[in-house]
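A short worksheet on the structure shown next.
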Amino acid sequence: MKHFLNEPEKWVDTDTLSRSLNLDISTVQRSVKKLHEKGILQRSQQNLDGGGYVFIYKIHSRNQIKNVILKIVNSWADRLGQELEQWENGV
Numbered sequence: 001m002k003h004f005l006n007e008p009e010k011w012v013d014t015d016t017l018s019r020s021l022n023l024d025i026s027t028v029q030r031s032v033k034k035l036h037e038k039g040i041l042q043r044s045q046q047n048l049d050g051g052g053y054v055f056i057y058k059i060h061s062r063n064q065i066k067n068v069i070l071k072i073v074n075s076w077a078d079r080l081g082q083e084l085e086q087w088e089n090g091v
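Residue numbering for the sequence shown follows UniProt numbering, starting at 1 and increasing by one per position.
Below is the structure:
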């Protein structure tokens with residue numbers, strides 16, 4: 001995540017990340033996939049000259065990340081409120 005925050009406008013593939021962070025490629029791929037699914041990273045497909053493609057990633061804007069985090073926190077707060085109501089009512 002820090003890599004993306006330091007260079008927010010740069011698109012990067014998982015192989016480059018793996019080498020620069022000295023981490024196993026599968027570890028990087030799993031982490032990047034989760035960050036993309038959560039809306040933290042955006043993904044684009046880059047077609048290769050010899051055929052095939054690679055996915056490249058960059059971080060969303062700070063405002064978009066803030067909104068993702070607020071949505072998660074509000075969801076937790078709602079669930080906690082429901083649990084406390086049930087606890088208070090002896091359910």
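We treat Cβ as the ideally placed atom computed from N, Cα and C, and that holds for glycine.
The stretch 16-31 makes no contact with the stretch 41-50, as fewer than three CB pairs between them are under 8 Å.
Between the alpha carbons of residue 88 and residue 81 lies a gap of roughly 10 Å. Annotated three-state conformation of residue 63 is helix, per DSSP.
A straight-line Cα-Cα distance of about 12 Å links residue 60 and residue 69.
Boundaries for residue 47: no alpha helix (DSSP H) harbours it, while the beta strand (DSSP E) harbouring it runs 41-47, taken from the DSSP string.
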